[in-house]
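Peer 1: Count along the sequence shown from 1, add 2, and you get the number used in this note's numbering. What follows is a single structure, and I will ask about it in a moment.
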Amino acid sequence: MGSYDNVGYALAMDAFKHADPARAARISGSVCTSPLQPGVNPVTFPLDYAGYGQQVGTTLLTAPRVTAEPPLPAYARG
């Protein structure tokens, strides 16, 4: 869903506001008319999203790599 989807935002807010899991039936169908959640600027969103994608790509290309899994700690070897 990312951090911009209005429907995902509405579902998360519904879950926070109720003791039970989120229910689509409690959410107004009008949330589908806006692609962006509250607080996301529709003017700057395309450039912001492109920057996000670029940062993800950079991180994937430059993050340190390991050649093997680390040994299991004693508590996990049971």
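Note that the Cβ used here is the ideal one computed from N, Cα and C, for glycine as well. Fair warning: this is a prediction, and the values are worked out from it, not measured in the lab.
Quick check: the Cα distance between Ala-21 and Met-15, rounded to an integer number of angstroms?
Peer 2: 12 Å
Peer 1: Measuring alpha carbon to alpha carbon, tell me which residue in Tyr-11, Leu-38, Thr-35 is nearest Arg-25.
Peer 2: Tyr-11
Peer 1: Please report how far the alpha carbon of Tyr-6 lies from the alpha carbon of Thr-61, in whole angstroms.
Peer 2: 21 Å
Peer 1: Taking the Cβ atom as the reference point for each residue, do Ser-36 and Asn-8 lie within a distance shorter than 8 Å?
Peer 2: yes
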